[in-house]
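To start, the structure itself, in structure tokens.
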Amino acid sequence: MKLLEGKTVAMTGGGGGLGRCYGLAMARAGAAIAVSDINLGAAQATRDAIIQAGGRAIAVKTDVTRAQSFEELFDRAEAEFGPLDVLVNIAGIFPRVALVEMPEEQWDAVIAINLKSVFLGARAAIRRMLPRKRGVVVSAASGTGIRGQPKGSAYSASKAAIIGFTRAVSLELKDTGVRINCFGPGATDTPMWRIGKSEEDIRRLLGAGYVYQPDDFSNIVVFLASDLSAPLNGEFISRDLHR
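As structure tokens, then:
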């Protein structure tokens with residue numbers, strides 16, 4: 011039996027590079043995926059890739075800064091595939107701006123998309139999971155949330171908060187059968203990572219082995235979404251914390 015056989019997964023940020031890789035990996039592991047993104051076309055492209063690979067998926071346009079948008083996502087997922095088992099929070103933005111140059115509106119956008127979305131999604135998902143006494147929330151954090159990064163104050167703050175949020179909520183979920191964990195995939199070669207970098211910088215970083223490929227962390231996401239990770243609650247799994 012596959013690790014995620016019979017499980018219903020909702021995933022935000024599913025139209026991006028990481029979302030597509032993680033969605034395909036979870037589908038290969040047997041999950042049915044509700045792929046969500048603010049860009050419906052991008053979500054549909056991931057959905058199509060999953061279906062072409064033999065998996066089951068739907069695409070849903072989701073504004074992760076709105077509570078009602080999560081209810082609509084989960085309603086669609088459950089109507090199509092059955093009760094929600096897993097929420098994977100991937101949606102995020104990373105504007106590279108020095109603190110003294112950052113507009114307040116940009117800070118607010120990062121916190122809303124990266125952090126508020128995790129609160130809204132986790133709250134809505136856990137409310138559905140608690141009566142069934144099973145389910146897991148998995149969120150993308152980052153080692154940047156621990157060590158910081160120049161021109162990344164808002165992003166670093168949002169990811170640090172996700173780690174703290176995950177640990178706090180895990181204490182509330184003790185002995186309920188519902189769990190919450192987060193992970194840091196490390197610097198990954200996606201369109202978002204390439205923003206602001208010259209071709210020379212990209213070649214240098216890729217050649218140095220500092221940057222991972224999007225699929226490198228997929229098995230960890232599958233593991234966290236599966237029952238194999240049942241002993242873990244409130245954990246942050248990162249591979250680049252000390253870089």
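Sequential numbering from 11 applies to the sequence shown in our numbering.
Ideal Cβ placement from N, Cα and C applies to all residues, glycine included.
All values reported here derive from a predicted model rather than from experimental measurement.
Assigned secondary structure, residue i (DSSP; H/G/I helix, E/B strand, else coil)
i: N191; result: strand
i: S46; result: strand
i: K71; result: strand
i: R106; result: coil
i: A235; result: helix
i: S149; result: strand
i: F246; result: strand
i: M21; result: strand
i: R144; result: coil
i: L97; result: strand
i: L28; result: helix
i: R76; result: coil
CA-to-CA distance, residue j to residue i, given in whole angstroms
i: Y32; j: R86; result: 20 Å
i: P113; j: G158; result: 19 Å
i: L216; j: F80; result: With a pLDDT of 48 at L216, under the threshold of 50, the predicted position of this residue should be treated as unreliable, though the coordinate-derived value follows. Distance between the alpha carbons of L216 and F80: 36 Å.
i: Q62; j: G16; result: 19 Å
i: L109; j: E115; result: 13 Å
i: G24; j: E111; result: 30 Å
i: P195; j: V148; result: 12 Å
i: K126; j: T176; result: 13 Å
i: P141; j: I103; result: 33 Å
i: T18; j: V45; result: 11 Å
i: S248; j: I173; result: 11 Å
i: A77; j: G131; result: 8 Å
i: N99; j: I48; result: 13 Å
i: K71; j: R30; result: 15 Å
i: G64; j: A240; result: 27 Å
i: V128; j: V188; result: 16 Å
i: A55; j: G26; result: 10 Å
i: K161; j: A178; result: 28 Å
i: K184; j: R133; result: 15 Å
i: A150; j: F227; result: 11 Å
i: A37; j: L50; result: 19 Å
i: F193; j: D118; result: 23 Å
Other residues of its chain near residue i: CB distance less than 6 Å, five sequence neighbours each side excluded
i: E245; result: N191
i: R138; result: L94
i: A42; result: T18, R66 and F91
i: A170; result: G155
Close beta carbons around residue i, own chain, < 7 Å, minus the five adjacent residues each side
i: L13; result: A39, G40, V232, S236 and L238
i: S166; result: T154, G155, G158 and Q159
i: H252; result: Low local confidence applies: a pLDDT of 46 at H252 is under 50, so the model's placement there is unreliable, and no value is given.
i: A120; result: Per the sequence shown, the amino acid found at residue 120 is Val instead of Ala. Excluding residues within five positions, the ones whose Cβ falls inside 7 Å are I103, P105, A164, Y165 and S168.
i: R57; result: V45, A67, I68 and A69
i: A122; result: T75
i: V107; result: Q116 and K161
Residue i beta carbon near the ligand NAD (any heavy atom closer than 7 Å)
i: Y165; result: By its list of ligands, the structure shown contains no ligand whatsoever, and the ligand NAD lies outside what it can speak to.
Contact belief for residue i with residue j at Cβ below 8 Å, rounded distance in angstroms
i: N229; j: S168; result: Actually they do not touch by this definition, with Cβ atoms about 25 Å apart.
i: N243; j: S152; result: Contact doesn't hold; Cβ gap of about 20 Å is too wide.
i: V74; j: A53; result: The Cβ separation is near 12 Å, so there is no contact.
i: E90; j: I68; result: 5 Å
i: I60; j: L34; result: 6 Å
Beta-carbon proximity list for residue i, same chain, < 8 Å, skipping 5 on both sides
i: A218; result: Residue confidence is low: A218 scores 48 on pLDDT, short of 50, so the model does not pin down where it sits. Its coordinate-derived value is still stated next. Cβ within range, chain order: n/a, list empty.
i: A135; result: A20, F80, F84, L94, L97, G145 and V147
i: T186; result: L140 and K143
Any C-beta of chain D under 8 Å from that of residue i
i: V74; result: Among the chains in the structure shown there is no chain D, since it carries only a single protein chain.
Item checked: Contained alpha helix (DSSP H) runs [length at least 4] in the segment 150–187, N- to C-terminal order -> Within the segment 150–187, the complete alpha helix (DSSP H) runs of at least 4 residues are 154–157 and 163–182.
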